[in-house]
Every structure is written in C-alpha cells, then in structure tokens.
Amino acid sequence: MEARKMRFIKALLFAFGAATFLLFSASAAIAQPSIPKDQIPSNLAPEVRTEIERLYSENHEARAYGAAALARLGSKAYPSIPFLICLLEEPEDPCKGHDCGGDHHGHPYSPSVEALKALIGFGEPSVEPLIKACEKQDLETRRKVLQAFGHMKDN
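In our numbering, the protein residues as written are 1 to 155.
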C-alpha cells in the first residue's frame, strides 16, 4: 500500500513539474517577438537596435520600456515596426493572473499597449504592415490593429 502511495505522489509531482514547465514555456513564448532575434538588421542605429533587442526580454516591463523608447525615437525607429507588431499579440494586461500588485507608478508596463502607441505615433509607415497583420487569425491582434487605425490622423 505504501509503495502505491509513493508512486502516486511521484506521479503527482511529475505532473506538477510538467505543468509548471509548460506554463513557463508558454509565457516565454509570449515574451518575445515571433521574428527570430538574429533577424534584427545589423545596420540599424545603435539605440534602435538596443531597444528592439529589449523587446525580447523575459520581463514585460523591459519590453514595454523598449516599445516606449522606440516611439520616442520617431522616424529613426521605423525599422522596428515589424517587431512592434509582434508585441500586439500579447495581452494588454501582462499582470493579469500574476502577483505583481498592479502598481506600476505610472511607468510603462504593457508591451502591447506601448507597441500600439508607437505604431500610432509612426502613422503612415505603420499602415501597410498593420494591414498585413490583420491577415492573422488572432482576433486580439486584429482588434488592436483596428484600434490603431482609429487613432491615426489623416495627413
């Protein structure tokens, strides 16, 4: 009987470990743009490259800061548009379901929201890539693309 209990406990611990691994693997997949990091163009301005690389961080606040910094760089950061579009796939509230307290003291914390702001700020250069992003089956990305179009100003 004790051997059966031990096998059950070991099986339970194994299942918990596998579930934890899958959970962290899934969150890591969300944490990075779907474009492989080695495809970041090497001829970018150093500050643009640095902020695009920050979009690959495991930390959602670091990714949000990277997107906000790219927005501030303006036209120099246009090559970051495809990388920012990848962040639209992330949930708007990365803290939902996590214990981060939700107190961000007014600083950027949502990579998705900051990417959306940057793309809106870039205006016309973002339009064609955003239209292509609508071809994805991801309804959340489509919703955010439509939101971006709604906030862009006509020139």
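Every residue, glycine too, gets a C-beta built ideally from N, C-alpha and C.
Would you grab the beta carbon distance between A118 and A71 for me? Rounded to a whole angstrom, and I think it's under 8 Å. Along the sequence shown, read from residue 1 onward, the residue named residue 118 stands at position 118. Along the sequence shown, read from residue 1 onward, the residue named residue 71 stands at position 71. About 4 Å separates the CB atoms of A118 and A71; that is less than 8 Å, so the two are in contact.
With 16 as the cutoff for other CB atoms within 10 Å, does H60 come out buried or exposed? Translated into the one-based positions of the sequence shown, residue 60 becomes position 60. By the neighbour-count criterion, in which 16 or more other beta carbons inside 10 Å mark a residue as buried, H60 falls on the buried side.
Using the Cβ count rule (16 or more neighbours within 10 Å means buried), how would you classify E53? The residue given as residue 53 occupies position 53 in the sequence shown. Exposure of E53 is indicated by the presence of fewer than 16 other C-beta atoms within 10 angstroms of its C-beta.
What is the rounded straight-line gap between the Cα of S75 and the Cα of P111? As a working note, residue 75 is residue 75 in the sequence shown. As a working note, residue 111 is residue 111 in the sequence shown. Whole-angstrom Cα-Cα distance: 20 Å.
Enumerate in chain order the residues of its own chain whose CB-to-CB distance from R142 is below 6 Å, with the five nearest sequence positions on each side excluded. For the purposes of this step, residue 142 is taken as the residue at position 142 of the sequence shown. Taken in chain order, the residues that qualify are C134.
Can you give, in chain order, each stretch of the alpha helix (DSSP H) that sits fully within the stretch 32-57 and has at least 4 residues? When DSSP assignments are scanned along the stretch 32-57, the uninterrupted stretches of alpha helix (DSSP H) that are 4 or more residues long and fall wholly within it turn out to be 46-54.
Using a Cβ-Cβ cutoff of less than 7 Å, which residues in the same chain neighbour L146 once the five nearest sequence positions on both sides are dropped? What you label residue 146 is simply residue 146 of the sequence shown in a count that begins at 1. Closer than 7 Å at Cβ, skipping near neighbours: no residue.
CA nearest to the CA of E114, picked from E51, S42, A45 and P46: Position 114 of the sequence shown, counted from the first residue, corresponds to residue 114. Looking at the Cα atoms, E51 is the closest of the given residues.
For L44, which residues from the same chain have a beta carbon less than 8 Å from its beta carbon, with the 5 sequence-adjacent residues on both sides left out? As a first step, residue 44 is located in the sequence shown; it is residue number 44 there, counting from the start. Non-local beta-carbon contacts of L44 in its own chain, meaning distances under 8 Å to residues more than five positions away in sequence, involve I52 and P79 in chain order.
Do P82 and I35 have their beta-carbon atoms positioned less than 8 Å apart in this structure? Position 35 of the sequence shown, counting from 1, holds the residue named residue 35. Position 82 of the sequence shown, counting from 1, holds the residue named residue 82. Taking the C-beta atoms as reference points, P82 is found nearer than 8 Å to I35.
Give me the Cα-Cα distance between G225 and Q39, rounded to the nearest whole angstrom. Given that the chain is displayed from residue 1 to residue 155, the structure contains no residue 225 and the question cannot be resolved.
As assigned by DSSP and simplified to three states, the class of S112: Residue numbering aside, residue 112 sits at position 112 when the sequence shown is read from its first letter. Reduced to three states, the DSSP call for S112 is helix.
So the candidates are G150, K144 and I131; which of them puts its Cα closest to the Cα of L88? Taking the sequence shown and counting its residues from 1, the one referred to as residue 88 is at position 88. It is K144.
Output needed for L84: all residues of its chain with C-beta closer than 7 Å, excluding positions within five of it in sequence on either side, in chain order. Indexing the sequence shown from 1 puts residue 84 at position 84. Same-chain partners within the cutoff: A67, L70, A115, A118 and L119.
G121 (DSSP reduced to helix, strand or coil): Position 121 of the sequence shown holds residue 121. Helix, per DSSP.
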